[in-house]
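Mapping of the sequence shown onto full-length UniProt numbering: position 363 corresponds to residue 363, and the numbering continues sequentially without gaps. Shown next, in structure tokens, is the structure this report addresses.
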Amino acid sequence: MYYQSKKEYKLEQEHVYHERQIEYLNSLLTNSKFGKEVRLLNYSKYVLDKWYLLKSIIIEKYLGIKGKNYTANLILSIAGFSLIGFFFISVAVSISLGTSTIGSFAGLVSFIAQLGPMLSNVGTNFKNFANHRLKVNDLINFIKETEKPMKENVVNFNEIEPRIIFKNVSFQIGEGMEREILTNINLEINYGESVAIVGENGAGKTSLVNLLLGLYQPTKGSIFLNENNYNKLDINEISNYMGVIFQQPVQYEMSVIDNILLGRKLDTDRLNIVLDKTGVRKIFKNENISEIILGKNFGKLDLSGGEWQKVALARCFYSSKPIYVLDEPTSSLDPISEYEIFDIFREFTKGKTSILISHRLGSVIKADKIIVLKNGEIVETGKHEELIKQNGEYKRLYNLQASWYKEGSVG
Ligand SMILES: Nc1ncnc2c1ncn2[C@@H]1O[C@H](COP(=O)(O)OP(=O)(O)OP(=O)(O)O)[C@@H](O)[C@H]1O
Ligand SMILES: [Mg+2]
């Protein structure tokens, strides 16, 4: 019994750890802050599989021990019951033979008094046993239900070079007090173009990207992927063409490899390329990256903002896509990390469509097309030199930064 409870204690500890992991997996599927990535990277099946695996471990181990416990109690109860029965019969026989004493009669009464609880104990154990088995069956049925296959794509774009067109797109948000976040957006992003989106905080840059990714639907106007209206497409079809690094990428509390793959098939060559080119391998030097769990809750290693950003780049570039989007991180990175991140982005997006949102106008000078947003509207579009000549919003922002840099360098 002592051995049993020690083992059970150890199991409880493991159980708590597994339950915490399960809770984390639950949050990945239900917490809105993960929503964008879950939908675009389509990893809900992977998370469910992980969840199922952990639940199975718990059920197997925990119920295994409990099961043994129940069985042990059951055997003890039955043995006790048989013993009482045996005494009861012996005393009854001895009374009938006239050999019984007052003592043995008192004993008989006390045995009978104990008989009730013993019987109910046997009953409870049987009931617990049956209940647990039923709950396990319910759980397994629930898991099977949630494992239905995902919706099939309706259109197959495999061989096309995607072009994105916004036609008179407006976008409102908010219930009751609707605000127009984007107004009458017209733009065309051709395959292979490098596009930069600039504008002050709140201008609508991230909202524009969310529309482009199919995460938001326009309130007015339409978005097209070549000749196909977005409203006819499944989000998975749109995301097949786009890799994105969000302003606040998710820091997955998983191993480095899981952070990158997120359930996608292992392609060792591709993995090695992204690990090297994004600088992720360098972060961990000679350590075995498949065993390093990131984050404070389950691992021992947390990363800096810039390092997490590199992991997000590796996750994004692990899949080869024709269009890549980088929404500049909000968390302040030092200029060197920021420069490194832009550099990695440029390297991976050569010859493809790249969409870069940046406040650092120095990083957008070479873009084929710069889109300037102000209060939800496109106020200017063109190359750097053209926009400087126009002497409008872009030049204002550019000069503002230039003077900020000069002051910064003097200080
Ligand atoms: N989910 C939302 N609910 C309500 N308002 C929103 C939501 N998302 C964006 N907004 C509002 O829309 C406007 C544009 O936001 P958006 O995030 O697109 O700006 P941004 O140009 O990306 O800004 P930043 O440079 O700070 O990242 C802001 O005023 C913002 O408050
Ligand atoms: Mg933004």
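Built from N, CA and C at the ideal position, the CB exists for glycine as well.
Give the DSSP bridge partners of residue i, in chain order.
| i | result |
| --- | --- |
| G382 | I370 |
| T353 | I323 |
| A314 | The partner list for A314 (beta bridge, DSSP) is empty, contrary to what the question assumes. |
| V195 | I355 and K369 |
| S239 | S239 is not bridged to any residue. |
| E377 | K374 |
| E12 | DSSP lists no partner for E12. |
| R179 | I173 |
| F224 | I165 and N229 |
| S255 | I293 |
| V244 | V325 |
| I185 | V169 |
| N301 | Sequence check: residue 301 is Leu here, not Asn. DSSP, once it has assigned bridges, lists L294 as partnering L301. |
Quick one: does the C-beta of residue i sit closer than 8 Å to a heavy atom of ligand 1?
| i | result |
| --- | --- |
| R179 | yes |
| K205 | yes |
| H18 | no |
| E393 | no |
| L373 | yes |
| L208 | yes |
| E200 | yes |
| H359 | yes |
| G376 | yes |
CA-CA distance, residue i and residue j?
| i | j | result |
| --- | --- | --- |
| Y241 | D49 | 25 Å |
| R396 | V195 | 20 Å |
| V38 | I388 | 40 Å |
| S255 | T381 | 42 Å |
| I185 | I165 | 10 Å |
| K383 | L215 | 28 Å |
| K167 | S222 | 5 Å |
| E393 | K205 | 15 Å |
| I341 | K282 | 14 Å |
| K374 | I181 | 10 Å |
| G351 | N190 | 12 Å |
| Q401 | L326 | 21 Å |
| E188 | G243 | 18 Å |
| E237 | L41 | 11 Å |
| T146 | S320 | Low confidence applies to T146: its pLDDT is 47, below 50, so where it sits in the model is not reliable enough to give any reading. |
| E385 | D269 | 40 Å |
| Q309 | I173 | 29 Å |
| K151 | L262 | No answer about K151 holds up, because its pLDDT of 45 lies below 50 and its placement is not dependable. |
| I293 | L208 | 34 Å |
| L275 | K6 | 43 Å |
| G376 | I197 | 12 Å |
| R20 | L53 | 14 Å |
| V154 | S239 | Per-residue confidence for V154 stands at a pLDDT of 49, beneath the threshold of 50, marking its modelled position as unreliable; no derived number is given. |
| I378 | V372 | 6 Å |
| F303 | Q390 | A quick correction: the sequence has Leu, not Phe, at residue 303. Each residue's Cα considered, the two are about 43 Å apart. |
| residue 415 | F284 | For residue 415 there is no data in the structure shown, the boundaries of the chain being 1 and 411. |
| G199 | K220 | 22 Å |
| Y324 | A314 | 12 Å |
| I344 | R179 | 36 Å |
| N297 | Q251 | 12 Å |
| Y318 | L211 | 23 Å |
| I336 | S56 | 46 Å |
| K277 | K61 | 42 Å |
Taking C-alpha atoms, which residue in the options lies nearest to residue i?
| i | options | result |
| --- | --- | --- |
| I260 | F246, Q247 and V280 | V280 |
| T349 | G192, E253, E386 and K61 | G192 |
| E23 | L40, Y43, W51 and G204 | W51 |
| P218 | I235, V244, F171 and F298 | F171 |
| E287 | V274, L301 and N297 | L301 |
| Y43 | D343, Y230 and L28 | L28 |
| R360 | K352, I370, T353 and G351 | I370 |
| Y17 | I58, K45, Q248 and K7 | I58 |
| E264 | Y46, S304 and L25 | With the sequence shown as reference, residue 264 is identified as Arg, and Glu is not the correct amino acid for it. It is Y46 whose Cα lies nearest to the Cα of R264. |
| R258 | Q390, I289, N272 and K277 | Going by the sequence as given, residue 258 is Asp instead of Arg. It is I289 whose Cα lies nearest to the Cα of D258. |
| N26 | L303, E253, F317 and I357 | E253 |
| N399 | K366, A367, S354 and G362 | G362 |
| I245 | I273, A367, V364 and S354 | S354 |
| E307 | G299, D334, E291 and P322 | D334 |
| G357 | Y339, Q247 and L271 | The sequence as given places Ile at residue 357; Gly does not occur at that position. For the residues Y339, Q247 and L271, the minimum Cα distance to I357 belongs to Q247. |
Measuring from the CB of residue i, is there a heavy atom of ligand 2 at a distance below 8 Å?
| i | result |
| --- | --- |
| Q247 | yes |
| L173 | Reading off the sequence shown, one finds Ile at residue 173, where the question assumed Leu. No. |
| D269 | no |
| D276 | no |
| D327 | yes |
Would the C-beta of residue i count as close to ligand 3, meaning under 8 Å from any of its heavy atoms?
| i | result |
| --- | --- |
| S363 | This structure does not include ligand 3; its bound ligands are ligand 1 and ligand 2. |
Is the stretch 5-17 in contact with the stretch 29-44, if contact means three or more CB pairs nearer than 8 Å? Result no; under three Cβ-Cβ pairs closer than 8 Å.
So does the stretch 225-235 actually touch the stretch 159-170, counting three or more Cβ pairs closer than 8 Å? As far as the Cβ criterion goes, the stretch 225-235 touches the stretch 159-170, which means the pair count is three or higher.
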